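To start, the structure itself, in structure tokens.
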Amino acid sequence: MNSTNFSCVELLCSLQGLRSQQVNFTWNRATQLLHHYESSSMSSTLTLCKPNWTDGETLACRASYSHNHTLYSKSITLPCNSGSVVRFIVIGTLFGLLIATALFFEVYYQCLTARSRH
477 MNSTNFSCVE LLCSLQGLRS QQVNFTWNRA TQLLHHYESS SMSSTLTLCK PNWTDGETLA
537 CRASYSHNHT LYSKSITLPC NSGSVVRFIV IGTLFGLLIA TALFFEVYYQ CLTARSRH
């Protein structure tokens, strides 16, 4: 799985250690067929970009090997991008501190102004 761009993922499904024959690859999300691919290269890739996938979602690659009519299946759970949540919390905290600091200086200035008048 390659997810250098957090909005897109590229999944690789490959068969190794078998003689090169016609292979039928399918990619599924639950019962939904996403992609069907026939190849003799023994591998298939699937690229999904948001909003076509969600954090923590599980996809399955199924490969049907024509030589012995064997079905291979592998489930892949997509990454959770918790970085955006952390970024939101940090920015919110910094913004709150900025507002609190501005209010503190405003109150401090008002107190100094009131004292100098008396």
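Residues in the sequence shown are numbered consecutively from 477, following the numbering used here. Where a beta carbon is used, it is the ideal one built from N, C-alpha and C, also for glycine. Quantities reported herein were computed from a predicted structural model and do not represent experimental measurements.
Please report the residue range of the beta strand (DSSP E) in which residue i lies.
i: K526; result: Note, K526: premise wrong, no beta strand (DSSP E); not H, not E.
i: C484; result: C484 to S490
i: R538; result: T534 to Y541
Quick one: what does DSSP say residue i is sitting in, helix, strand or coil?
i: A506; result: coil
i: A578; result: helix
i: L547; result: strand
Excluding the 5 residues preceding and the 5 following residue i in the sequence, name in chain order all residues of the same chain whose CB lies nearer than 6 angstroms to its CB.
i: L488; result: T521
Taking all protein chains shown into account, decide if residue i is buried (16 or more other Cβ within 10 angstroms of its Cβ) or exposed.
i: T546; result: exposed
i: Y584; result: exposed
Check whether the Cβ atoms of residue i and residue j lie closer than 8 angstroms to each other.
i: S542; j: M518; result: no
i: S551; j: A539; result: no
Can you give me the Cβ contacts of residue i inside the same chain, cut-off strictly under 8 angstroms, excluding the 5 residues immediately before and after it?
i: A590; result: none
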